[in-house]
Amino acid sequence: MPDLRQDVRLALRSLFRRPGFVAVVVLTLGLGIGANSAIFSVVNAVLLKPLPYRDPGQLAMIWSKWTNFEKTWLSPAEYLDYQKQSRLFSDVAAWDENGEAALTGAEGAQSVTAVEMTGNFLDVVGMVPAAGRVFSAEEDIPNGPPVVMIGYELWQQRFGRDPSIVNRIIQVDGESQQVVGVLPKEFKFPLEFQSRTTAQLIQPARMDHAAPARGNHGWYGVARLKPGITAAMVTPELDNLAKGWTKAGLYPVGMQFTAFAVPMIEQVSGNVQLALLVLAAAVGLLLLLTCANVANLVLTRADSRSREVAVRAALGAGKGELLRLALTESMLLGLGGGLLGLVLSWGGVRILVARAPTTIPRLAELHVDWRVVAFTLVLSLVTGALFGLLPVARVSQLDLANALRDGSRGASDGAERKRGRTLLVVAEMALAVLLVISAGLTIKSFRNLMQVDPGFDTRGVLTMRTSLPSATYADENAVLNFYRNFGNEVRQLPGVQFAGFGRVLPLAAEMGDAGIAIEAHPTPAGVPGNQADWQAASPGYFEAMKIRLITGRYIDNTDTKEGLQTAVINEALAKEYFPGENPIGQRVRMGGQDRPWRVVVGVVGNYHHNGLTASFKRAFFIPAEQWSNSYGQPRRAMTLIVRSSGNPKELIGPVAAIARGLAPDVPVTQITTMDDVLSAATQEQRFTMALMAGFALLALVLAAVGIYGVISYSVSQRTREIGIRLALGADVASVRSLVLRQGMVPAVIGIGVGLASALLLTRYLGSLLYGVAAIDAFTFATIPLLLLIVAAGSVLLPAMRASRVEPVEALRGE
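Here it is in C-alpha cells:
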C-alpha cells in the first residue's frame, strides 16, 4: 500500500505537468466509455434486469399455430384443456385486450384501457394485489357480479391512492361496478412491456367452462412450468395434445393445428434482443478504437519520456517499479475517463429515454443504477489497462544505454516504435471500416424503409378515437346516429376535405383476422376455411386515407343497416380467392352460416396495416352501419380520420368540440396525425440508424486523428533524417511520397482487414435490414473508398510539412 500511494502521487504529479495531454485522453476515453455505459443501461434494463414476476424463468407464453398462421391466440376451450391435460404446467392463466372503457363520475370522464383476465392470473405470475383481492371463482363466470380491478397508475392518478377504493362502486361505460382490488405497482401484462401504457381497468374473463368456444381464438395464454421444466420441453407436449384434438375431430386435418411455448423472458425482449446486441457490439468496437487512439497518444508520450525513464532506471529504480508506475498512470487516466463517461452516460440515458422507440420493452425502467456504475468502474479499469499495455511493454523492454543515447539526440524513430504504431493504425482502420460499413447498411435499410409506399397518404390527416359506453348507448340507433352526426358536422368544418371512421387505425394497431366464405368457391370438408383481416369502415374512410380504388366503388351512404349487405375487399383477397375473375357482384360471408351473404361492391389497393415491413394480407371491409348484421353488436369504439387541406392540428379543437357537444361524457383520445403514426411505425429503425451513424462518425474522426497523430509524430522525430535527405539532393516530391507511403500502407492494410471482418460479421445484421443484403456491393465498395480518402487527408498534412523542412535548420537543431 505505501508503494501504491507513492506510485499514485508520482503518477498524478507527472500527469499534472501535461494538462493538455490529460484533457485529450480523458475526453476521448469519456466518449468511448460513456457510449458503452449508456448502451449498457439499455441492455441492463431490457435483457439483464429480472422481470417483476416470481421466478420468471419458469413462465412461458402459449401460442396456437395452423396453416397460414404461424402465431396466433388461444380459444377458451384450448385454455381450459391445457389446464386439465398438460402434465408439465403448474397452472395456466389467460387475458384478452378488451379495448377502451369510459369512466365517469365526480372525477370526470376518462377513457381507459380495459383488459379481461382470468382470476388466477396474478397467482400464476406470482404477484399479489397492491390493495384488495383478485376475482373469485364465483365472479369469474358468465353473467357474474359486476366487479373490476384497477391498475396502480389509475388508482394513483384518479383516486389519489385512497385505500377505500376497495369495494367502492365506480361507473364503467355507464354501469355500476365494484372495485375488488388494485394491481401491483410493478405489474404489467407480458406484452405491455413493449408499450408505455398499461392496463387501467381489469374485468373478469367470464369464460363459459361448461361449453367453451373452440373456434374463437382471441386469448393470450401464460403458463407456470413445473420445476425443472423448460419451454422447449413443453412444446412437444402441446403438439401431441393438438394432434389428439385433431384425431378427435375437433379440428380439420388440413388445418394442421398445433401449439408452442415461448419463454417469458424471450417473449418480452425477443423483438429487440438482436438489435440491442448489435448496438452493444458496435459500441464495444468503438471503445476498442478509442483505446487504440489513446494508446497511440500514451505511446508517443512514453517515447518522449524515454530519457526520464532511463534516468530513473540508472538511479536504481527496478523494472517492476517502472512497470507499476506506467500502469498506475494509465489506470488513473482510465478512471478519469470513466468518471467523465459516467456523467456523459447519465445525459445519454436521458436522451435515449426521450428518443428511443416505445417498442423497446421496459423503457420506463431505464436509468443509471448500481449495475451501470459498477460496469463503468470495471470498464474504466479494464480500458486503462488495455491502452496502457504497449507503454508498459516498452518499459519492460527498455535498453538503458540506447534510451539515454536516444534521449540525448533527435534520433530517427526506431523500428520497434514504428511497428507498435503501425499495428495501432491497422487496428484503428479495421475497426473503423467494420463500424462504418455496419452503419452504411443500416442507413441504406432505413432509406429503403422510408421509400415504402404504405398504400395511403399520411399528409394532412388528423385522427382521434371515441368509445361509446354500452350502458348509455345500448340502442344501436343511438350509436349509428352519433357517428353519422359526428361525421357530417366534421365535414362541414372549413378546410376539411374528407372524414370517415374505421375500426382500427393502420400502423397503430393490429387489425386481426376472421373467417370468410366465398359463395362461388365453397371450402371442401376437412380443409381449413378462408381467412382475412377485418375492418369496419364508414363512408369517407377510404377517401380520407386516399386508399386507391381499383374497381367498383367505395363504401357510401347507400350502405345502410337495412339496405343491400355489401363489402369492399382489397387486392390481395381478390387475387387469392377470385383468381382470373371479376369479384364485383360476387357474394362473401364473414363468420358462421347464420351471418348474411354480402355483395362485393369494390376492390381497393393493398395497404400496410400491421407494419411497413409486413407483407400485404387479405382484408375485407364491412360498412360500419351494417356491422351488427354480421357480428351482433354495433361498433361503439371507432377512430375518426379527417383529411385537411391545411395543417391538420388546427382541427383538433373544433373536432373535439363537436364530439363534446354530441356526447359530453364520452372522452376523445389518441389524438394524433397520420404523419406521427407513420413516424412511430419506423421509430425502431430510425433509433438504430441514428446510433449506428453516430458511432460511425465518431469512428471516422478517431481513425483520422489517430493516423494524423502517428504520421505527424513520425515526421517530427525524423526531421534530421529528412533534412539529410534533402541536403543530399532528394527532391520535395520524393520526401512527400515517402511520408505518404509510410502513412497509407498501414491504412490500406487496416482497411483490408476491416473489409474481411465485415464480410464475416455483417451477415448477423440480416434480420435488422430491409431491402438490402447483409453483403451489399455498393456499401462494401464505397465505404473502403471513403476510409481511403479520410486516411489520405490525414496523412497529407504531415507530408506537406515534411516537404517544407529546411536542411540547414534541421541539422542546426541537432
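Quick note: to get our numbering, add 12 to the position in the sequence shown (first position is 1). Think of the CB as a built atom: it goes at the ideal place given N, C-alpha and C, for glycine as much as any other residue. All values derive from a computational prediction rather than experimental measurement.
Ranges of the alpha helix (DSSP H) found wholly within the region 227 to 287, counting only runs of at least 4: 243 to 259
Secondary structure of Gly527, DSSP reduced to three states: Counting from one through the sequence shown, the residue named residue 527 turns up at place 515. Three-state result, Gly527: strand.
Cβ shell of Ala294 (< 7 Å), same chain only, five flanking positions each side left out: To locate residue 294, count along the sequence shown from 1; it is residue 282. So the qualifying residues of the chain are Leu447, Ser450, Met704 and Phe707.
Three-state secondary structure (DSSP) of Phe28: In the sequence shown, the residue the question calls residue 28 occupies position 16. DSSP places Phe28 in helix when its eight states are reduced to three.
Collapsed DSSP secondary structure at Phe829 in the structure displayed: Residue 829 lies beyond the range of the chain shown here (13 to 826); nothing can be said about it.
Outcome for Met701 when other beta-carbon atoms lying within 10 angstroms are tallied against a minimum of 16: Residue 701 sits at position 689 when you count from the first residue of the sequence shown. Counting Cβ neighbours within 10 Å, Met701 comes out buried, since at least 16 surround it.
Under the three-state DSSP convention, the category Ala844 falls into: For the chain, the structure presents residues 13 to 826; residue 844 sits outside this window and is missing.
Trp639, DSSP secondary structure in three states: Indexing the sequence shown from 1 puts residue 639 at position 627. Of the three classes helix, strand and coil, the one that applies to Trp639 here is helix, per DSSP.
Segment contact, 8 Å Cβ cut-off, at least three pairs: the region 512 to 527 with the region 643 to 659: yes
Cross-strand partners of Pro88 (DSSP beta bridge): Walking along the sequence shown from the start, residue 88 turns up at place 76. Pro88 pairs with nothing; no bridge assigned.
Thr116, DSSP secondary structure in three states: Indexing the sequence shown from 1 puts residue 116 at position 104. Correct three-state label for Thr116: strand.
6 Å CB neighbourhood of Leu134 in its chain, flanking five on each side removed: Position 122 of the sequence shown, counted from the start, is the residue given in the question as residue 134. These residues qualify, in order along the chain: Val146.
DSSP state of Met139 mapped onto helix, strand, coil: Within the sequence shown, numbered from 1, the residue matching residue 139 stands at position 127. In this structure, Met139 counts as coil in the three-state DSSP scheme.
Simplified DSSP assignment, three categories, for Val502: In the sequence shown, the residue the question calls residue 502 occupies position 490. Reduced to three states, the DSSP call for Val502 is helix.
Nearest to Leu389 (by Cα), restricted to the options Pro369, Pro660, Ser49 and Phe28: Counted from its first residue, the sequence shown places residue 389 at position 377. Answer by Cα proximity: Ser49.
Cα-Cα separation between Asp220 and Trp231, rounded to whole angstroms: If you number the sequence shown from 1, residue 220 lands on position 208. If you number the sequence shown from 1, residue 231 lands on position 219. Looking at the two C-alpha atoms, the distance is approximately 14 Å.
Beta-carbon proximity list for Gln183, same chain, < 6 Å, skipping 5 on both sides: Sequence index remark: in the sequence shown, residue 183 carries index 171 (1-based). Here the set comprises Thr116 and Gly117.
Alpha-carbon spacing of Val611 relative to Thr578, whole angstroms: Locating residue 611 in the sequence shown gives position 599, where the first residue counts as 1. Locating residue 578 in the sequence shown gives position 566, where the first residue counts as 1. About 5 Å.
Per DSSP, cross-strand counterpart(s) of Asn582: Locating residue 582 in the sequence shown gives position 570, where the first residue counts as 1. Asn582 is bridged to Val616.
Closest residue to Val8 among Lys456, Phe269 and Ala490 (Cα-Cα distance): Within the shown structure, residues of the chain are numbered from 13 to 826, placing residue 8 beyond reach of any answer.
Heavy atom of the ligand SAH within 6 Å of Leu624 beta-carbon: Of ligands this structure carries none, so the ligand SAH is not represented either.
Straight-line gap, Val843 to Arg672 (C-alpha atoms, nearest Å): Outside the displayed span of the chain (13 to 826) sits residue 843, for which this structure offers no information.
Proximity winner among Ile74, Gly349 and Met139, relative to Ala254 (alpha-carbon distances): Within the sequence shown, the letter at position 242 stands for residue 254. For the residues Ile74, Gly349 and Met139, the minimum Cα distance to Ala254 belongs to Ile74.
Leu797, DSSP secondary structure in three states: The sequence position of residue 797 within the sequence shown is 785, counting from 1. DSSP places Leu797 in helix when its eight states are reduced to three.
Cβ neighbour criterion (16 or more within 10 Å) applied to Phe28: The sequence position of residue 28 within the sequence shown is 16, counting from 1. Under this definition Phe28 is an exposed residue.
Nearest-angstrom Cα separation, counted from Glu198 out to Ser831: Outside the displayed span of the chain (13 to 826) sits residue 831, for which this structure offers no information.
Supposed close pair Arg236, Val140 - CB separation, criterion 8 Å: For the purposes of this step, residue 236 is taken as residue 224 along the sequence shown, with counting starting at 1. For the purposes of this step, residue 140 is taken as residue 128 along the sequence shown, with counting starting at 1. Actually they do not touch by this definition, with Cβ atoms about 15 Å apart.
Whether Leu300 touches Glu440 by CB criterion (7 Å): The residue you call residue 300 lines up with position 288 of the sequence shown. The residue you call residue 440 lines up with position 428 of the sequence shown. No. Outside cutoff.
Phe269 beta carbon less than 7 Å from that of Thr247: Numbered from its first residue, the sequence shown carries residue 247 at position 235. Numbered from its first residue, the sequence shown carries residue 269 at position 257. Contact flag unset, no.
Minimum C-alpha distance to Arg383 - residue among Pro62, Glu82 and Ile559: Residue numbering aside, residue 383 sits at position 371 when the sequence shown is read from its first letter. For the residues Pro62, Glu82 and Ile559, the minimum Cα distance to Arg383 belongs to Pro62.
Inter-residue CB distance, Leu195 and Tyr164 (contact presumed, cutoff 8 Å): On the sequence shown, position 183 is the one that residue 195 refers to. On the sequence shown, position 152 is the one that residue 164 refers to. Right, the Cβ-Cβ distance comes to about 5 Å (below 8 Å), so this counts as a contact.
For Gln577, three-class secondary structure by DSSP: As a working mapping, residue 577 is identified with position 565 in the sequence shown. In this structure, Gln577 counts as coil in the three-state DSSP scheme.
Sub-7 Å separation of Pro646 and Val615 beta-carbons: The sequence position of residue 646 within the sequence shown is 634, counting from 1. The sequence position of residue 615 within the sequence shown is 603, counting from 1. No; because the gap between Cβ atoms is not below 7 Å, this pair is not in contact.
Closest residue to Asn659 among Ala669, Thr684 and Pro676 (Cα-Cα distance): Sequence index remark: in the sequence shown, residue 659 carries index 647 (1-based). The option with the nearest alpha carbon to Asn659 is Thr684.
C-alpha gap between Pro369 and Trp167, whole angstroms: In the sequence shown, the residue the question calls residue 369 occupies position 357. In the sequence shown, the residue the question calls residue 167 occupies position 155. Near 27 Å, if we compare the C-alpha coordinates of Trp167 and Pro369.
Met161 versus Gly186, Gly138, Thr125 and Leu262, residue with shortest Cα-Cα distance: Translated into positions along the sequence shown, residue 161 becomes position 149. Cα-wise, what sits closest to Met161 is Thr125.
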